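In what follows, a structure is listed as structure tokens, so that the remarks can point back to it.
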Amino acid sequence: MAVQISPSILAADFARLADEAAAVPNADWLHVDVMDYHFVPNLTLGLPVVEALHKATDTPLDCHLMIADPDRWAPQYAEAGAGSVTIHAEAAKAPIRTLREIRSLGARAGLALNPATAVDPYEDLLGEVDMLLLMTVEPGFGGQKFLDVVLPKVRRARELIGRHGGRVWLQVDGGVDAGTIERCAEAGADVFVAGSAVYGASDPVAAIDELRAAANRAVS
Ligand code: DX5
Ligand code: ZN
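Add 47 to a position in the sequence shown, counting from 1, and you land on the number used in our numbering.
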């Protein structure tokens with residue numbers, strides 16, 4: 048289980064996205080939060096920005112779609128060059144079809160669950176996904192407080208993933224920082240999204256190194 052860090056550009060300067068991508072050369076992914084004012088009460092960016100960002104950086108894009116109609120739009124993010132496209136279980140009407148479409152276009156397929164959505168009903172879908180994203184804040188905004196109440200679900204998800212061969216990555220997103228990442232790693236997460244903890248730091252590269260070291264310490 049290799050630790051991966053995916054800085055969220057939601058906390059970056061949107062006027063300088065190419066520079067902000069270049070500021071984190073030690074990131075495994077760039078986490079791109081797509082919000083549509085419908086699934087969440089916030090609006091960020093969409094396909095044209097993802098296409099432009101993909102051209103501006105070699106770091107693979109980890110697109111987290113917080114949108115009301117992922118069945119319609121997710122495949123286009125894969126076509127736009129995203130390395131990973133994650134849809135919300137609460138929003139998808141045909142998750143199996145959409146996850147298969149994402150994969151067929153060459154991207155990794157992710158399924159996200161809000162803090163109050165149980166993971167057990169999705170066990171049978173694990174074969175269809177490359178990553179499970181467990182939200183550790185209510186989706187919509189950066190800089191929120193980490194919800195410890197989600198940790199038992201992280202443990203449970205790791206158990207279910209283990210039962211299905213251990214191939215699926217387990218991502219946590221929201222309030223992940225130097226103080227909370229160890230609890231997430233101990234519970235079984237291996238991909239860590241961090242917005243404020245990376246882009247809010249005076250030295251984003253050092254912040255990523257510290258997060259990675261803390262997560263590795265927790266599992267060693
Ligand atoms: C929240 C987003 C997160 C957000 C995390 O809806 O999905 O990716 O950027 O930001 P922090 O790390 O500041 O909680
Ligand atoms: Zn996110």
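Even glycine gets a Cβ: it sits at the ideal position worked out from N, Cα and C. None of these values were measured; they are calculated from a predicted model.
Whole angstroms is fine: what's the gap from residue i's alpha carbon to residue j's?
{"i": "serine 249", "j": "tyrosine 84", "result": "31 Å"}
{"i": "valine 87", "j": "leucine 112", "result": "10 Å"}
{"i": "alanine 275", "j": "alanine 139", "result": "Outside the modelled stretch of the chain, which goes from 48 to 267, sits residue 275, for which no answer is possible."}
{"i": "arginine 63", "j": "valine 184", "result": "26 Å"}
{"i": "alanine 49", "j": "aspartate 105", "result": "20 Å"}
{"i": "glycine 242", "j": "valine 252", "result": "13 Å"}
{"i": "valine 223", "j": "proline 54", "result": "10 Å"}
{"i": "serine 267", "j": "alanine 260", "result": "10 Å"}
{"i": "threonine 164", "j": "alanine 225", "result": "26 Å"}
For residue i, write down the residues that DSSP places opposite it in a beta bridge.
{"i": "proline 54", "result": "Ala241"}
{"i": "methionine 113", "result": "Met82"}
{"i": "isoleucine 134", "result": "Leu112 and Leu158"}
{"i": "methionine 182", "result": "Asp220"}
{"i": "leucine 90", "result": "Asp83"}
{"i": "leucine 100", "result": "According to DSSP, leucine 100 bridges with nothing at all."}
{"i": "leucine 64", "result": "According to DSSP, leucine 64 bridges with nothing at all."}
{"i": "leucine 77", "result": "Leu108"}
Give the single residue among the options whose Cα lies nearest to the Cα of residue i.
{"i": "methionine 182", "options": "Asp60, Cys231 and Pro117", "result": "Cys231"}
{"i": "asparagine 73", "options": "Ala265, Arg264 and Leu258", "result": "Leu258"}
{"i": "glutamate 137", "options": "Glu126, Val245, Ser151 and Leu160", "result": "Leu160"}
{"i": "leucine 57", "options": "Val50, Val96, Gln51 and Ala49", "result": "Val96"}
{"i": "valine 176", "options": "Gly187, Leu158 and Gly221", "result": "Leu158"}
{"i": "arginine 144", "options": "Leu92, Arg119 and Ala204", "result": "Arg119"}
{"i": "valine 166", "options": "Gly187, Ala156, Ala204 and Arg150", "result": "Ala204"}
{"i": "glycine 93", "options": "Ala70, Phe61, Val71 and Asp75", "result": "Phe61"}
{"i": "leucine 108", "options": "Asp80, Ile114, Leu90 and Ala115", "result": "Asp80"}
{"i": "arginine 214", "options": "Val240, Asp220, Gly187 and Leu179", "result": "Leu179"}
{"i": "valine 196", "options": "Gly221, Leu77 and Gly187", "result": "Gly221"}
{"i": "aspartate 237", "options": "Tyr124, His101, Gly247 and Trp216", "result": "Trp216"}
So is residue i in contact with chain B if we call contact Cβ pairs under 7 Å?
{"i": "alanine 59", "result": "Looking at the structure shown, chain B is missing, and only one protein chain is on hand."}
Going by beta-carbon coordinates alone, are residue i and residue j separated by less than 7 Å?
{"i": "glutamate 170", "j": "leucine 198", "result": "no"}
{"i": "isoleucine 134", "j": "proline 122", "result": "no"}
{"i": "alanine 154", "j": "serine 131", "result": "yes"}
{"i": "cysteine 110", "j": "alanine 141", "result": "no"}
{"i": "alanine 127", "j": "glutamate 148", "result": "no"}
{"i": "valine 240", "j": "histidine 101", "result": "no"}
{"i": "alanine 69", "j": "tyrosine 246", "result": "no"}
Are there any heavy atoms of the ligand ZN lying less than 6 Å away from the beta-carbon of residue i, as far as the coordinates show?
{"i": "histidine 111", "result": "yes"}
{"i": "aspartate 80", "result": "yes"}
{"i": "aspartate 224", "result": "no"}
{"i": "aspartate 220", "result": "yes"}
The ligand DX5 and residue i: does the residue's C-beta get closer than 6 Å to at least one heavy atom of that ligand?
{"i": "valine 57", "result": "Residue 57 is actually leucine in this sequence, not valine. Result yes, Cβ under 6 Å from the ligand DX5."}
{"i": "serine 37", "result": "As displayed, the chain neither begins before 48 nor continues past 267, which places residue 37 out of reach and without an answer."}
{"i": "glycine 157", "result": "no"}
{"i": "valine 46", "result": "Nothing can be reported for residue 46, as the shown portion of the chain is limited to 48 through 267."}
{"i": "proline 199", "result": "no"}
{"i": "proline 186", "result": "yes"}
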